[in-house]
Amino acid sequence: MRKLVLAAFLALGLAACATNPDGSKLSADDEESKLEYYNRAMFNFNYQFNKKVMKPVARGYRSVTNQFFRNRVSAFFNNLEEPAYFINNLFQGEIKNSGISVGRFLINTTLGLAGTFDVAAGWGLEKKKNSFDQTMAKYCVPDGPFFILPIVGPATPRYVAGWTADAYASPLFWALIDVENDGVDAAVVGATALKYINIYAENEGLIESLEEGSVDFYATMKSAFLQNRQKFISLCGTEDVENDTLSYDFDFGYEDAFDEEME
Amino acid sequence: MQKILTFIMTVFLLAAGSAQAEVDASKAENFIKKVTTQGIEEIINSDVSAEEKDARFANLFNEYLDLDFIGRFVLGRYWRSSTPKQRTEFIDVYREMNIKTWSKRFDEFKGKTFVFKGTTPSNSAGQIFVNTEVPMEQGAPAKVVWRVKENDGTFKVVDIIIENVSLAITARNEYAAYIKKSPDGVDGLIANLRQKSMQ
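This is the structure in structure tokens:
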């Protein structure tokens, strides 16, 4: 079933590619502009998908839920990510943090009513977010080119690899491979859909205001996504998670040097 | 005697040089405290009309942001190839567009507070980063860093970095992509921004 859905999305993506001559000035003669041509087409497809599917769904979801309920949903899904934080903290030698992740998961899953309340944070056990993406960055795995995934949006190969690896650590995945129970598969698909609808519903305002001020929304999203990933760059080959060079401390005065760096 | 004079002068020059490069961290932090307090208390949380809020925000924006400096960076390599008229026009519409889009986002900041987390030096002379966090209802606080530039004792904001994303770099990348594709170049960008600021 999932393969079918994926195939359908890929087909849609390719169709969007073929029928979108919008970026007409782009010559498809080098790899980079070919990739950009695909990216812009897929970005437009996702944009339409969000507008025509996600937006009405999120609107409906918001009308039948209140903020309290949506906070519980966010907390529930955040809690399911703790096992991935644990493993990656461990991989990166952050033993104390990985202990905190285990503690948080145990406390919040039980006393926090299946993770819907973050009681551990109230006890001073703050979340120690981590990811396989960051683990790979720490072991100097290159990020690869920027591209747009169907539905999911901005990505790089390392981002996708990290995301996939972390999904294996999620209790949602453990539930999925429990083949004894036929109902579970649909429940997991439903839960995943709920997760993304909830995220979209909570961030719709932000997405819209970003778009409002933008003259090239694709370029805006690409720039923001890649800048956010700069924080990983300094991890490679260093012991310290807190680095000393700030990714956003570009030289404000000397524009030429900056251009060469970024392009 | 002459040697002593030279020595004294050298010391003075060195002292002046380093004073110019190093920004007073506590002054820079106080400046951002003033900006955020004014923004939240006197505009976002206040009980005045929407028009009054917009007007107050426009004042705040013009007073505390160095738009000429930011605009110049944001236009990047196209700044140099632009005519003086294009430059002035660009700065104007960039200002208008920013005031307009930020005004619409007031509600998102209602009841929010900024927690100050010290400063970080910048590699650029006369600039410093003021670190703040905005506690969120759900999840981790949002990281907001203010890039502050000092000029003869006057402080100005030159960039705001939200969760590692610099608004200046984002705009610069976005406008470069737009100008590259637009048949009208910088004029096309100016026209588009003007339209956005009038919506």
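So the protein sequences, as listed, match chains V and U. Taking our numbering, the leading residue of the first sequence gets 7, the next gets one more, and so forth. Taking our numbering, the leading residue of the second sequence gets 1350, the next gets one more, and so forth. Yeah, the Cβ is synthetic: ideal placement off N, Cα and C, and Gly gets one too.
Contact check for U/Arg-1521 and U/Val-1442: beta-carbon distance about 16 Å, past the 8 Å limit, so the pair fails to qualify. Sequence-ordered contacts of the stretch 214 to 245 of chain V with chain U read Ser-215, Glu-218, Gly-219, Ser-220, Val-221, Asp-222, Tyr-224, Ala-225, Thr-226, Lys-228, Ser-229, Ala-230, Gln-233, Asn-234, Gln-236, Lys-237 [C-beta pairs closer than 8 Å].
The Cβ of V/Ser-253 sits closer than 8 Å to at least one Cβ of chain U. Cβ-Cβ separation between V/Tyr-91 and V/Lys-135: approximately 6 Å, consistent with a contact (criterion under 8 Å). When DSSP reads this structure, V/Gly-159 sits in a beta bridge with V/Leu-155.
Segment contact: the stretch 1469 to 1480 of chain U against the stretch 1493 to 1502 of chain U, three or more CB-CB distances shorter than 8 Å; contact assigned. Per the Cβ contact rule, the stretch 1380 to 1397 of chain U is in contact with the stretch 1446 to 1460 of chain U (3 or more Cβ pairs under 8 Å). In terms of beta-carbon proximity, V/Gly-118 stays away from the interface with chain U, with every pair separated by 8 Å or more.
For the stretch 123 to 141 of chain V, the set of residues with a beta-carbon nearer than 9 Å to any beta-carbon of chain U comprises Asp-124, Glu-132, Lys-133, Lys-135, in chain order. At a Cβ-Cβ threshold of 8 Å, V/Ala-47 and U/Ala-1526 do not count as neighbours. Leaving aside the five residues that flank V/Glu-217 on each side, the residues in its chain whose CB is nearer than 7 Å to its CB run, in chain order, Phe-223.
Taking a beta-carbon distance threshold of 8 Å, U/Thr-1450 counts as an interface residue toward chain V. With respect to V/Thr-122, V/Phe-153 sits apart: the two C-beta atoms are not nearer than 8 Å. The C-beta separation of V/Leu-178 from V/Leu-252 comes to about 35 Å, leaving the pair out of contact by the 8 Å criterion.
For the C-beta of V/Asp-257, the chain U residues within less than 7 Å are, from N- to C-terminus, Asn-1472, Ser-1473.
Taking a C-beta distance under 8 Å as the contact criterion, U/Gly-1425 and U/Leu-1409 do not qualify as a contact pair. Excluding residues up to 5 positions away in sequence, Tyr-1524, Tyr-1527, Ile-1528, Ser-1531 lie with their Cβ nearer than 7 Å to the Cβ of U/Leu-1538 in the same chain. Around the beta-carbon of V/Ile-113, 16 or more other beta-carbon atoms lie within 10 Å, marking it buried. In the three-state reduction of the DSSP assignment, V/Ser-176 falls in the coil class, being assigned neither a helical nor a strand state. Exposed is the label assigned to U/Arg-1429, since fewer than 16 other Cβ atoms lie within 10 Å of its Cβ. DSSP lists no beta-bridge partner residue for U/Thr-1385. In this structure V/Asp-172 is not in contact with V/Thr-162, their Cβ atoms being roughly 15 Å apart against a cut-off of 8 Å.
Straight through space, the alpha carbons of V/Cys-146 and V/Phe-238 are spaced by roughly 10 Å. In the three-state reduction of the DSSP assignment, U/Gly-1534 falls in the helix class.
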